[in-house]
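Here is the structure we will look at, set down as C-alpha cells.
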Amino acid sequence: MAWPIRYKIIMLLMLGTTINFIDRVNISIAAPDIMRQTGWDKAQFGVVMSAFLFGYAIFQLPGGLIADRWSTRNVIGLSCLGFSLFTALTPLGQFGFVTLLAMRFLVGLFESASLPAMTSFCSRWVPRQEFGRTQMINLSGTKVGQILAYPMTTMLIGAFSWPFVFYLNAVLGFLWVTVWFLYATDTPREHPKVRAIELSYIEEHVMSHSRQRPPSTRLIFTAPAVLLLCTAYMLHCFIAWIFIFWFPTYLIEARGFSRLAMGSVGMIPIFGGLLGMIIGGTISDWLLRRGFSARIARARFPGLCEGLSMIFLFAAVRVSSATLSIALFVLFYFTFTVANAGYWTMPLELAPRAVGAVSGIMSTCGTIAGVLAPMIVGFLVTQTGSWTMPFNMVTACGLVASAVLTLLVACRPIGQLAERDAVTSVGN
29 MAWPIRYKII MLLMLGTTIN FIDRVNISIA APDIMRQTGW DKAQFGVVMS
79 AFLFGYAIFQ LPGGLIADRW STRNVIGLSC LGFSLFTALT PLGQFGFVTL
129 LAMRFLVGLF ESASLPAMTS FCSRWVPRQE FGRTQMINLS GTKVGQILAY
179 PMTTMLIGAF SWPFVFYLNA VLGFLWVTVW FLYATDTPRE HPKVRAIELS
229 YIEEHVMSHS RQRPPSTRLI FTAPAVLLLC TAYMLHCFIA WIFIFWFPTY
279 LIEARGFSRL AMGSVGMIPI FGGLLGMIIG GTISDWLLRR GFSARIARAR
329 FPGLCEGLSM IFLFAAVRVS SATLSIALFV LFYFTFTVAN AGYWTMPLEL
379 APRAVGAVSG IMSTCGTIAG VLAPMIVGFL VTQTGSWTMP FNMVTACGLV
429 ASAVLTLLVA CRPIGQLAER DAVTSVGN
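What follows is the structure in C-alpha cells.
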C-alpha cells in the first residue's frame, strides 16, 4: 500500500531541515581550519557564529506571520533558496572578517523563516494526534544534518579544502528547492495526488481546529502561557546553540580528540538526540491518544526529561574518562531532545490558527539566547582557559527551563484562557 501523501511531504520537509542544518553547523566543524588560516581567535570566531544568529533572529516572527496568512509553501521554498545562495558565497569570507560576518548574517536571515513556516505547514497537513511525531520527524533533520555534517565536512576538508564544503552544501539546497516547488502544496485539497479518504481524514481532524477564532496579535504577545513557553525555550536554546557551535572544539581541546577523530566521535551523542526526538514525539502523541491531558503529553513529560538531561550533562563534563564522558553525553542528548516534543507542539495547543506566529515568537526568543551563547562561551573559555564555568551555566539554565515547562505552562488555546480570566475578573 502506498504511503499517504502527507507522509511523503513530511519526509521531504525532514530532508529540507537536514540540508538547512548542515548549512548551519558546517562552519563550526570547519572553525579550527578557518581560524588557523585567518589567524582569528575564539573570541572573534564567536562573533562570526553569532552573526548567523543575529540574522536568524530578525525574520522568524515575520516569517511565521506571513506563513500563517499567505503561503507556507512559498515561504519555505524561498527560505531555502536564499540560505543556499549565501552558503555558496560564504568562502568569500576568507578575504575579510566583515565579509564573513555579512555572509553568515544573510544565511541566518534566510534560514530564520523555515521552522516557523514548516510548523504552520504541518498544522494544515497533519491531524493533532499525529502532530508530535510529525514535528519530531521534521526536526530530526536537525540531528541528521549534524550526523552527516561531521564526517562529510571533515572528509571534504581533508580531501579538498574548507570552501568546497560550502559549495557542495549550496548545491544540495538548490536541488531540494526544485523538488519542493514541484511537489508540495499549501493544503491537502490543492494536491493532485491526495486521495479522497486521506483528504477526508485530514480535514476532519485538522479543519476542526482551524475553525477556532484566531487570537489577536496583541494577545499572542501578551498571553502568559506564550511568555512562559518562550522563557523556557530561550533557556533550552541557550544550551542547544552552545553544543552546535562549541562541542567540536570542546572535544578537541578538553577531551584530546584529533580533528579526524572528532568527526566520528562527535556524531555519537547526536544519534542519541535523533532517537530522543523521534521517541519523544511518538510518546507524546501516544499519551494524547490514550486520554492524557495536553499538559501531561505536551508539557510535563517533555519538561521532566529536560530536567533529567541536566543530571547526565553534569556528570559528562566531570568524569575523567573520555569514553564514559561520551556515553553520558549520549544520554544527555537523548533526554534533552525529548523536550522538543513539548516546545514544538505547544504552538498548536496554544493558537491553532496562529501556529506560525507563536512558533516564530518562541523561536526568536531561542535565537536571542543563541546570539549570546557562542560569544559568552568563547569569551569565558578564552579568559579562563577552562570549560567548567560554561557547563555550570548550561546546567542551571536547563533546570530552570525544566521547571517552567513542567509546572507553569498551560496547554489550552490562549483565547479560551483569556476568556476564562475575563470571566473570573468579572466574577470577583
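In our numbering, the protein residues as written are 29 to 456.
Heads up, the beta-carbon is just placed ideally off N, CA and C, and yes, glycines get one too.
Using the Cβ count rule (16 or more neighbours within 10 Å means buried), how would you classify residue i?
i                 : result
glutamine 411     : exposed
aspartate 313     : buried
glutamate 158     : buried
phenylalanine 188 : exposed
serine 349        : exposed
threonine 206     : exposed
serine 148        : buried
tryptophan 204    : buried
glutamate 139     : buried
tryptophan 269    : buried
glycine 74        : buried
leucine 352       : exposed
threonine 245     : exposed
methionine 183    : exposed
glutamine 163     : buried
lysine 171        : buried
proline 220       : exposed
tryptophan 485    : The structure shown does not extend to residue 485, since the chain spans only 29 to 456, so no value can be given for it.
arginine 318      : exposed
asparagine 420    : exposed
arginine 64       : exposed
Helix, strand or coil, according to DSSP, for residue i in the structure here?
i              : result
tryptophan 208 : helix
glycine 78     : It should be pointed out that residue 78 corresponds to serine in this sequence rather than to glycine. Three-state result, serine 78: helix.
glycine 67     : coil
tryptophan 269 : helix
alanine 424    : helix
tryptophan 314 : helix
leucine 436    : coil
methionine 235 : Caution is warranted here: a pLDDT of 48 is assigned to methionine 235, below 50, making its placement in the model unreliable, and the coordinate value is therefore given only provisionally. In the structure shown, methionine 235 sits in a helix (DSSP, three-state: H, G or I).
threonine 452  : Confidence in threonine 452 is poor, its pLDDT being 47 and thus under 50, which makes the residue's placement unreliable; the coordinate value appears in the next sentence. Reduced to three states, the DSSP call for threonine 452 is helix.
threonine 392  : helix
lysine 171     : helix
glycine 370    : helix
histidine 264  : helix
glycine 124    : coil
proline 18     : The displayed coordinates of the chain run from 29 to 456. Any statement about residue 18 would go beyond what the structure contains.
tryptophan 415 : coil
serine 26      : With the chain running from 29 to 456 in the structure shown, residue 26 is simply not present.
lysine 221     : coil
glycine 319    : coil
arginine 156   : helix
proline 252    : helix
glycine 294    : coil
Which residues in the same chain have their Cβ closer than 6 Å to the Cβ of residue i, if we skip the five residues on either side of it in sequence?
i              : result
leucine 359    : Phe340
glutamine 122  : none
proline 119    : Pro191, Phe194
glutamate 226  : Pro32
isoleucine 47  : Leu200, Gly201, Trp204
tryptophan 208 : Gly105
Under 7 Å Cβ to Cβ from residue i, same chain only, skipping five residues before and after it: list those, please.
i                 : result
serine 236        : Legend: pLDDT at serine 236 = 44, less than 50; position of this residue unreliable, no value from coordinates given.
tyrosine 261      : Tyr371, Met390, Cys393, Gly394
isoleucine 62     : Trp190
alanine 58        : Thr181, Ile185, Trp190, Val193
isoleucine 2      : The displayed coordinates of the chain run from 29 to 456. Any statement about residue 2 would go beyond what the structure contains.
phenylalanine 362 : Gly300, Gly301, Leu303, Gly304
glycine 388       : Gln88, Leu89, Gly91, Gly92, Leu93, Pro144
leucine 376       : Ser151, Arg156, Phe159, Val383
phenylalanine 342 : Thr423
threonine 259     : Val432
threonine 115     : Asp51, Val135, Phe194, Asn197, Ala198, Gly201
I believe residue i touches residue j by the beta-carbon criterion, under 8 Å. Please report the beta-carbon distance rounded to the nearest angstrom.
i              : j                : result
histidine 264  : glutamate 334    : 7 Å
glycine 169    : phenylalanine 49 : 6 Å
alanine 325    : leucine 336      : With a Cβ gap of about 17 Å, alanine 325 and leucine 336 do not count as contacting.
leucine 303    : valine 293       : In fact, because the Cβ distance is near 17 Å, the residues do not count as touching under 8 Å.
valine 199     : leucine 128      : Between leucine 128 and valine 199 the Cβ distance is about 21 Å, and since that is not below 8 Å, they are no contact.
isoleucine 272 : serine 56        : 6 Å
proline 60     : arginine 287     : 6 Å
Excluding five sequence neighbours on each side, which residues of the same chain lie with their C-beta closer than 8 Å to the C-beta of residue i?
i                 : result
proline 330       : Gly308, Ser312, Val366, Ala367, Asn368, Ala369, Gly370, Tyr371, Leu433
phenylalanine 133 : Ala79, Phe80, Phe82, Gly83
valine 154        : Arg34, Ile38, Thr162, Ile230, Val234
I want to check one thing, is the minimum distance from the CB of residue i to the heavy atoms of the ligand COA below 6 Å?
i           : result
leucine 176 : No copy of the ligand COA occurs in the structure displayed, which carries no ligand at all.
**Request:** Please determine if the segment 423-431 and the segment 101-113 are in contact, where contact requires at least 3 C-beta pairs separated by less than 8 Å.
**Result:** With a cut-off of 8 Å on Cβ pairs, the segment 423-431 is not in contact with the segment 101-113, counting fewer than three such pairs.
**Inter-stretch contact at 8 Å, needing at least 3 Cβ pairs: the segment 298-307 / the segment 397-417** = Because the criterion of three Cβ pairs below 8 Å is not met, the segment 298-307 and the segment 397-417 do not touch.
**Asked** Can you find at least 3 beta carbon pairs, one from the segment 88-104 and one from the segment 375-389, that sit closer than 8 Å?
**Response** Touching, yes, given that three or more Cβ pairs across the two stretches are closer than 8 Å.
**Request:** Assess, as a yes-or-no matter, whether the segment 75-88 is touched by the segment 160-176 under the definition of 3 or more beta carbon pairs within less than 8 Å.
**Result:** In short, these stretches do not touch, since the Cβ pair count stays below three.
**Prompt:** Is there contact here, the segment 425-442 with the segment 240-252, by at least three beta-carbon pairs under 8 Å?
**Reply:** yes
**Message:** Tell me whether the segment 193-206 and the segment 64-75 touch, counting them as touching only if at least three CB pairs, one residue from each stretch, are closer than 8 Å.
**Reply:** No, they do not touch.
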